Structure formats: structure tokens, C-alpha cells
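Asks: Below is the structure I would like to discuss, written out as C-alpha cells.
Residue numbers (my numbering): 791 to 1185.
Here you go:
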């Protein structure tokens, strides 16, 4: 019952079920492991570590508990016996993949461990297969799509995410819906989470032409029906295998083209995801075979930022370094100040302007050209404590 309640996101009652099971049978290793997972998901890592260790003491051959404990120890930066732990974790994954079992290492966590690219792809593939198994019970026929965009019609792009709110994903991309060319593109944003009432959520909802809350449609089949009825041409999966994902929606293929972007940088291992928006540094072309998707390269980086839109008032930039030790080649440890008005600093100190030539890549070309960049350096006399902070990288 505890597992069912957890699946339904009824965390408090799931916690009570696991605790009651342990009360009835203190030697029930699975209950300790399940309790640990509740603590882990709630951010109570020390409690999770204690429960996982109890589970392993009761049942030493317990791959799920071992791998989850390894992840918890990474979270708290406990590197005790790290090499031995990683060696055992890799051997567990290898055996599970060989026996065609669902690996105990989650796809998102696989990036933290010294696993091969082929192992990471295989782990993702097992989870993708699980999504396909889950949708079979819906007995839904394939969707029909329009194969051509009629003259005068706009391209319909749908962004799907559980992170439209106060989350790093929205911090990075909250301006994207409003930056599309509305003459050519019609934007739909599908939220998988409830409204957290933050400005991040409201900005995305305001600037997208269509904002649909799918959190009140828990059935993946009905959610996919809604997306398909909207006539989406390109559906963007911004979760991948991160918390809050509903990859079963994508497994139903409500759109003709389905794309991975931003929230999860690895491969989905899924036959229902067509492209991964990435870049040549994150996903080198020589590793293309380790992705199930076709690689769609951005010219510089796929990792969009929102600094220009969030902080338009920070229009001036200056670098501060110690007057005694500052050199023209600039030390690594300096303070970079962004502000609306730097006059108070500039008027009361010596400012040096340094010109540096860097090689910049020409757009849509592999060629580079020299570009001159100017740096304003303010040399300030500092006290010993401040010198220590700069030297240690604290300022």
C-alpha cells in the first residue's frame, strides 16, 4: 500500500505505511529502503542514509538500496571508500543490464558515476521501455498527424515541463516563449506541475500564446489527447528523466516530431524521441552513436540563459583587484561587479582599461576572427583580510 500511495504522491500516508511495516517487522529490509526513498525525495538525506544502511545490514545483497545509498553519499560529499563503492556500483549495473533487468541506477544519476557511455544509453533505454510498457494498458491507437504545414499556417511548438516555476529550468528559459517570432511560430506551454504563484510561472504563462496546466489531467492518455488536439508539430520534452517527468505522454507520440531539450542533457534511449537539442561540446559528434536521438546542434551552446532579460539594469561591468598585486594579465581571483551605475567606484579610484584580442567563431562557420574586448579594471587598496579573501577565491 505504501508504494501505491507514493506513486499517487500521497507522501505522508506512504510514510506512515512504511513506518507501520517496520513497527510490525523491524527486520523487513524493503520497508527500510522504501522509507529511505521517502526521506531522500524529501531532502532528508541523513535520515535516508541511515535507513538505507539499515536495509543493507538486514539484506546485504540489495542493489536498489546500495545504489541509492551511493547517491545519497555523493549528495553529502562523503567520499569514504569512494573507489570501492563505484567499482561495486558499476558491477551491479553491468549484471543488471546483462540480465535485462531495470538498473538500480536512475538515468539522471548515471551521469555522476564512472559508467561507460554505452551503459548510460542502456540504462536510459530500459526506462524508455518501461514507459512503453505502461502505456500498453491504455490500448490507444496511434495518432494521425498533418504531414505538411499549410501555406499561411504557423508552426506549432509545445514545451512540456514540470518546472514552470521557481526552478533552475525556468530561471534559464522563462523569456523563451515570448522571444519566438509570432508571425511564424505559435507557442504552447504545457505545465506538469501546479501553480507555485511565482513570477517565473506567471511570466511564462503570460508570454506563451497558450498556457495549459496538465497537472489537473493526471491520465497520460488524456494529456496526450489534449496535446494532439492542439495540433502540435514539435513537442519539446524539458524534463527527460528528471523529477516530475511524464515521459509516458511522449511514449504515446501525440506530435509528429518530439525533441529533448535543456532539463536533461543525456540521451533518452527512447524510440519516441527524435532529436536532442545540444552542442558540440556537450555531445561531441564522435559520440553520436551513444545517443538514441539525432543530434541537433546549436551554434555555441544549448544552455540558454536569461541574464539579459532578468537584469537589464546591470548595464555596466567592472573588475576589481588589489592595487598592490593587480597585473595587466589579470589574476584569476578578482571581484566582478555588475551594476546600474558604477560612478561611485569609478570616481573614487584609479580605473585602467585593458584591451585584449580574442578569437571569436564566425556565425554559421567554423572560421574564427580576432575580436578586441575591453576590460575596465579598478585598482583598489585593500586590507589584509580582503587580500586573503581574494587570494583564496572568496571575493
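We put the CB at the ideal spot given by N, CA and C, even for glycine. On a predicted model such as this, the values are computed, not experimentally measured, just so you know.
1) Taking a contact to mean a Cβ-Cβ separation below 8 Å, would you say residue 976 touches residue 999 in this structure?
2) Residue 824 and residue 842 look like a contact to me (Cβ under 8 Å); what is the Cβ gap, rounded to whole Å?
3) List the endpoints of the continuous beta strand (DSSP E) containing residue 1076.
4) Taking 8 Å as the cut-off, does the stretch 1016 to 1034 touch the stretch 1045 to 1054 (at least 3 CB pairs, one atom from each stretch)?
5) Look at the Cβ atom of residue 1011, then the Cβ atom of residue 930, and state whether they are nearer than 8 Å.
6) Within 10 Å of its beta-carbon, does residue 1101 have 16 or more other beta-carbons around it, so buried, or fewer, so exposed?
7) Tell whether a beta-carbon distance below 8 Å holds between residue 1002 and residue 978.
8) Rounded to whole angstroms, what is the Cα-Cα separation between residue 1071 and residue 884?
9) Check whether the Cβ atoms of residue 1024 and residue 947 lie closer than 8 Å to each other.
10) Would you list, in sequence order, the uninterrupted beta strand (DSSP E) runs of no fewer than 3 residues that lie entirely inside the stretch 926 to 1009?
11) If we require 3 or more residues per run, which beta strand (DSSP E) segments fall completely within the stretch 1024 to 1105?
12) Can you tell me whether residue 791 is helix, strand or coil according to DSSP?
13) Determine, using beta carbons only, whether residue 1076 and residue 1064 come nearer to each other than 8 Å.
14) Is it buried or exposed, residue 844, if we count other Cβ atoms within 10 angstroms and call 16 or more buried?
15) What would DSSP say about residue 891, mapped onto helix, strand or coil?
16) Who are the Cβ neighbours of residue 865 in its own chain at under 8 Å, not counting the five residues just before and after it?
17) I think residue 879 touches residue 855, with their Cβ atoms under 8 Å apart; what is that distance to the nearest whole Å?
18) Verify whether the separation of the beta carbon atoms of residue 1094 and residue 963 is less than 8 Å.
19) Could you give the DSSP three-state label for residue 803: helix, strand or coil?
20) Would you mind working out which of 1079, 895, 1073 and 1081 sits nearest residue 1087, comparing C-alpha positions?
21) Identify which residue in 811, 862, 943 and 826 has its Cα closest to the Cα of residue 903.
22) Name the DSSP bridge partner or partners of residue 813?
23) Which complete alpha helix (DSSP H) runs does the stretch 859 to 912 hold, if anything under 4 residues is left out?
24) Are residue 1059 and residue 955 touching if we call contact CB-CB under 8 Å?
25) So which of 980, 818 and 831 has the shortest CA-CA distance to residue 849?
Replies: So, from the listed chains and residues:
1) One-based indexing of the chain shown puts residue 976 at position 186. One-based indexing of the chain shown puts residue 999 at position 209. Taking C-beta atoms as the reference points, residue 976 and residue 999 count as a pair closer than 8 Å.
2) Numbered from 1 along the chain shown, position 34 holds the residue referred to as residue 824. Numbered from 1 along the chain shown, position 52 holds the residue referred to as residue 842. With 8 Å as the limit, residue 824 and residue 842 do not qualify as a contact, their Cβ atoms being about 11 Å apart.
3) As a position in the chain shown, residue 1076 is number 286, starting the count at 1. Counting along the chain, residue 1076 falls outside any beta strand (DSSP E), and DSSP gives it neither H nor E.
4) In short, these stretches touch, since the Cβ pair count reaches three.
5) Locating residue 1011 in the chain shown gives position 221, where the first residue counts as 1. Locating residue 930 in the chain shown gives position 140, where the first residue counts as 1. Taking C-beta atoms as the reference points, residue 1011 and residue 930 count as a pair closer than 8 Å.
6) The sequence position of residue 1101 within the chain shown is 311, counting from 1. Exposed.
7) Residue numbering aside, residue 1002 sits at position 212 when the chain shown is read from its first letter. Residue numbering aside, residue 978 sits at position 188 when the chain shown is read from its first letter. The answer is yes: Cβ separation under 8 Å.
8) Working through the chain shown from its first residue, we reach residue 1071 at position 281. Working through the chain shown from its first residue, we reach residue 884 at position 94. Approximately 27 Å, taken between the alpha carbons.
9) As a first step, residue 1024 must be located in the chain shown, where it is residue number 234. As a first step, residue 947 must be located in the chain shown, where it is residue number 157. For residue 1024 and residue 947, yes; Cβs fall inside 8 Å.
10) Scanning the stretch 926 to 1009 for uninterrupted beta strand (DSSP E) segments of 3 residues or longer gives 945 to 951, 975 to 981 and 1000 to 1003, listed from N- to C-terminal end.
11) The qualifying runs are 1024 to 1027, 1047 to 1050, 1065 to 1068 and 1084 to 1087.
12) Within the chain shown, residue 791 is the residue found at index 1, counting from 1. Secondary structure at residue 791: coil, using DSSP grouped into helix, strand and coil.
13) Within the chain shown, the letter at position 286 stands for residue 1076. Within the chain shown, the letter at position 274 stands for residue 1064. Cβ atoms of residue 1076 and residue 1064: not closer than 8 Å.
14) Here residue 844 is taken as the residue at index 54 of the chain shown, counted from 1. Counting Cβ neighbours within 10 Å, residue 844 comes out buried, since at least 16 surround it.
15) Sequence index remark: in the chain shown, residue 891 carries index 101 (1-based). In this structure, residue 891 counts as coil in the three-state DSSP scheme.
16) Mapped onto the chain shown, residue 865 falls at position 75. Once the five neighbours on either side are set aside, the close Cβ partners of residue 865 are 835.
17) In the chain shown, residue 879 corresponds to position 89, counting from 1. In the chain shown, residue 855 corresponds to position 65, counting from 1. No, residue 879 and residue 855 are not in contact; Cβ-Cβ is about 12 Å, not under 8 Å.
18) Indexing the chain shown from 1 puts residue 1094 at position 304. Indexing the chain shown from 1 puts residue 963 at position 173. Yes; because the gap between Cβ atoms is below 8 Å, this pair is in contact.
19) Looking up residue 803 in the chain shown gives position 13. In this structure, residue 803 counts as helix in the three-state DSSP scheme.
20) Within the chain shown, the letter at position 297 stands for residue 1087. The residue with the shortest Cα to Cα distance from residue 1087 is 1073.
21) By 1-based counting over the chain shown, the position of residue 903 is 113. That would be 862, whose Cα lies nearest to the Cα of residue 903.
22) For the purposes of this step, residue 813 is taken as residue 23 along the chain shown, with counting starting at 1. Residue 813 is not bridged to any residue.
23) DSSP runs (the alpha helix (DSSP H)) wholly in the stretch 859 to 912: 872 to 888 and 897 to 900.
24) Residue numbering aside, residue 1059 sits at position 269 when the chain shown is read from its first letter. Residue numbering aside, residue 955 sits at position 165 when the chain shown is read from its first letter. Result no, Cβ atoms of residue 1059 and residue 955 do not sit closer than 8 Å.
25) Your numbering for residue 849 matches position 59 in the chain shown. With distances taken between Cα atoms, residue 849 lies closest to 818.
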